[in-house]
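For reference, the structure is listed below as structure tokens.
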Amino acid sequence: MPRSLIFFLFAALVLPATDSVFAQLPTQQEAIFAGVHNVQAAENISPGTVCFFGENAFPLLIGPNEGGARRDAPSTLIPMAAASLYGKGRVAVFGHSGLVGGDFFNANETLAVNLVAWLAGETKPLNQINVAVIGEQGTTDFLKSKEVKADFLREFTDNALSGQYDVLIINAERIRENQIEKMDAFVKNGGGLLTAATGWGWQQINPRGDLKTTFAGNKLIAPMGLVWTNQFVPRPRGGYQPALPGEYSLFLHPKVALRAIIEEEADAADWEQIVATLELALGSIPEKHAAAFDGLQTLSTRQVIPTKQNPVVAAEQPLDRLAILLQTQRYMNVQSRGGLPEGLVIPKFAAASDFPGDVPEEAERVHRTIEVNTSIPDWHSTGLYAAPGDVVTITIPEEAARSGRFSVRIGALSDRLWHLPRWERYPEISMTVQLTQPVTRAVNPFGGNVYVVVPRNAPAETLTVQIDGAVETPYYVFGKTTNEEWNQSRQLPGPWAEFASDRVILTVPAHLVRELDNPKELMEFWNGVLDACAELAAWEGRARPERITADRQISAGWMHAGYPVMSQTQTERGLTDLAYLKERGDKWGFFHEFGHNHQSRDWTFSGAGEVTVNLFTLYLFEKMYGIPISETRREMRPDVRKEAKMQHIEAGAPFAQWQRSPFLALTMYVELIEEFGWETFIEVFDEYRKLPDNQRPRNDDEKRDQWMVRFSNQIGKNLGPFFDQWGVPVSQSAKDSIAELPVWLPE
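In structure tokens:
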């Protein structure tokens, strides 16, 4: 579609035709960017993005869209500064607090002067403009150097909004709730406001807050058609791109993008930008300001069922992608702080029946009281499953609710897939709801296992939690559940089962366990795996059980470590069928990922992350199956290891090659294992564990030095020549510290 036609649609169809000033906006941009070709910012600045959505709002600076859900489409653009006309006044906002500072103004003099003149209404010469600058001495000094009458005010007071000032410059993170109304009136009555905030930074340091609705800065500027978002813009070479009229896509405005969606009139080349713009808007604009986007209502009921055979491909199915985003925002994310909003009816998503699975309609919804030990952090299993679209009610003591510490989680499949170009399931199917009231109602349209979430360092006590409306699911607790109880439990209607101990919790599809007769044997095996990991790592105790589950699609790799360890559904049988795991299951994968959860950064330097983890893998093969290192896989055969080492030495033992080749590097550790045994590693790891903080290595050089020195001292041998042989760099001072020990090299 020609851009002139899009421009007409925006002015005539999207916005009011009578009093809209949209036609004037290019003139506003031209005034701000007169003589400006690019905009420089300090290299250490990572600006957040802003969303402009008002009728009189427009972008100022734009950058590549690489920080949000559309990382697969970096050719799209995203705003990191925007402006708007508001009442009789004007406002400009930037996506980083450093962009109202003196350094930024000095690096962009023309833009700064133009912007202040524009904010003042373009009716006064510079030497007659009066500016109140809050807490930014550098900005004040710059403006004075340009003959602007700028006053530095250490703190904001009502005096800054008096009739003597034309423009107010303030970091938005200084704004307080009781100042919003007066600032709004200041701009509406003809004042200019220049402000900035780092949205993603604010959200990080205020994890219980909501950037959209609780950040005072957004409460101020949202009525002006602008908001800060929690995405970021990477700094491109050559500076940021000014949003000059005719040089950026009008689909950057969400109302233009919305019209294109409704009318389905956009060119294929524009869909990427349309989707990126609407994704930003849907995730950023507060509900009470989003009425203009009711045209997306049809997408909220669109039935999308991504599968392995028919995934949603972002580039090819923009409407499905937007529907998924809208449904996730409207029905799931909205519940994160306080649960189900009054009057919101959340449906069961059609995709839930396909994955993660459905609950029989006749399944009994139960009332359960759970006692939670708050000395153990993170997820506490309940043996309950929330059916897709069912309301689950959680009741906790009033004092616990006031603390705001506790949450309920519905769903074990925690991986989020927004960054992937294709989705085999909805990219977000689990949710966590903060329990801020004694009674909280929550609905997951996909359903899921129900957990009570305890934060780290919570006071040790017993928390009584009442859960109503969920169904029972197969649940075995090692050391508590009897065989008779398990025979009943394994037939319960929930579609996902759990096996729990104080070391590990397995979450698996229930169909895998309906015929499982000996869960005790199963858990003894996995307890042994986690005990062996802790033994090698020289841990004393475990703060919480590890978790592992399988998912149709995960966020990265074949498996990945974390809480829980995530694997593909193709591997899930190996979690519950021990005979299958021994013969054909992915033992290496499971052991490897649990190993990651026991690694220490103190003895893992750059390039060794995928090396030291396999110490646990090899140890587990020996402990659980009696399989020696040489028989674990081809790369560990003695002849293969010898050949790889010889080639490495003949090439000059380049450390970069060592870092790039995990099994080559692992051979170095295997030589130490074969000569000095596993007990030596345990002793060295125990030494690291007991180190006071001021003795821990601070960088890679210190990590390599300490590993060589501590291991050498443990065995009473000088490993300096051994490290030289392998090309792993260590300092001369480290070598000198063990020089009196006898040298050891493998034969």
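533 is the number that our numbering gives to position 529 of the sequence shown; each next residue is one higher, with no gaps.
Note that beta-carbon positions come from the ideal geometry of N, C-alpha and C, so glycine has one too.
- Sequence-distant Cβ neighbours of Ser379 in its own chain, meaning closer than 7 angstroms and more than five residues away, are Ala464.
- Counting of Cβ neighbours within 10 angstroms places His371 among the exposed residues, the total staying below 16.
- Thr199 has Val97 and Ile174 as its beta-bridge partners, per DSSP.
- If you draw a straight line from the Cα of Val137 to the Cα of Phe146, it comes to about 11 angstroms.
- For Ala356, the enclosing alpha helix (DSSP H) starts and ends at Ala355 to Asp358.
- With fewer than 16 other CB atoms across the displayed protein chains lying within 10 angstroms of its CB, Phe529 is exposed.
- Sixteen is the threshold: when 16 or more other Cβ atoms of the shown chains lie within 10 Å of the Cβ of Asp394, as they do, the residue is buried.
- In the three-state DSSP reduction, Pro733 falls in the coil class, being neither helix nor strand.
- Taking the Cα of Met527 as reference, the smallest distance to any Cα among Arg507, Ser610, Cys537 and Leu540 is reached at Arg507.
- Setting aside the 5 residues that flank it on each side, Val316 is surrounded in the same chain by Val308, Pro310, Asp324, Arg325, Ile328, Arg426 and Trp427, each with a C-beta closer than 8 angstroms to its C-beta; the list follows chain order.
- Going by DSSP, Thr436 is part of no alpha helix (DSSP H) but of the beta strand (DSSP E) stretching over Met435 to Gln438.
- With fewer than three CB-CB distances shorter than 8 angstroms, the region 635-652 does not count as touching the region 554-569.
- Closest by C-alpha distance to Thr144, out of Asn182, Val104, Leu165 and Arg180, is Val104.
- Annotated as distal: Ala45 and Phe109, with beta-carbon spacing of 9 angstroms or more.
- A contact between stretches requires three or more CB pairs, one per stretch, nearer than 8 angstroms, and the region 34-43 fails this requirement with the region 223-234.
- Just so you know, the alpha carbons of Phe156 and Leu282 end up roughly 39 angstroms apart.
- In this structure, Thr477 lies away from Gly589, with their beta-carbon atoms at least 9 angstroms apart.
- Inside the region 521-599, DSSP marks whole alpha helix (DSSP H) runs of 4 or more residues at positions 523-541, 577-580 and 582-587, from first to last along the chain.
- In this structure, Asp606 lies near Gln710, with their beta-carbon atoms less than 9 angstroms apart.
- Nearest to Tyr244 by C-alpha distance, out of Glu489, Gln736 and Thr53, is Thr53.
- The region 447-465 and the region 412-419 touch, with three or more beta-carbon pairs separated by less than 8 angstroms.
- Under DSSP, the beta-bridge partners assigned to Val43 are Tyr244.
- For Glu744, there is no enclosing alpha helix (DSSP H), since its DSSP letter is neither H nor E.
- In terms of Cβ geometry, Trp662 and Val732 form a close pair [threshold 9 angstroms].
- Segment contact: the region 340-355 against the region 434-445, three or more CB-CB distances shorter than 8 angstroms; contact assigned.
- Using a Cβ distance threshold of 9 angstroms, Arg94 and Val191 count as a contacting pair.
- Nearest C-alpha to Pro523 among Glu488, Trp122, Ala541 and Arg556: Glu488.
- Around the beta carbon of Arg460, a 10 Å sphere encloses fewer than 16 other beta carbons of the protein chains shown; the residue is thus reported as exposed.
- The beta carbons of Leu215 and Leu123 sit about 25 angstroms from each other, so the pair does not count as a contact at 8 angstroms.
- The distance from the Cβ of Val512 to that of Ala367 is about 19 angstroms, inconsistent with a contact at the 8 angstroms cut-off.
- In this model, Gly39 and Thr114 are separated by some 7 angstroms (Cα to Cα).
- Burial check for Ser418: the Cβ neighbour count within 10 Å reaches 16 or more, so the residue is buried.
- Met672 is a Cβ neighbour of Trp730, given a cutoff of 9 angstroms.
- Contact between Val396 and Gly473 is confirmed by a C-beta separation of about 4 angstroms, below the 8 angstroms threshold.
- Here Ser149 is exposed. Its C-beta has fewer than 16 other C-beta atoms within 10 Å.
- DSSP, reduced to helix, strand and coil, places Thr114 within a helical segment of the structure shown.
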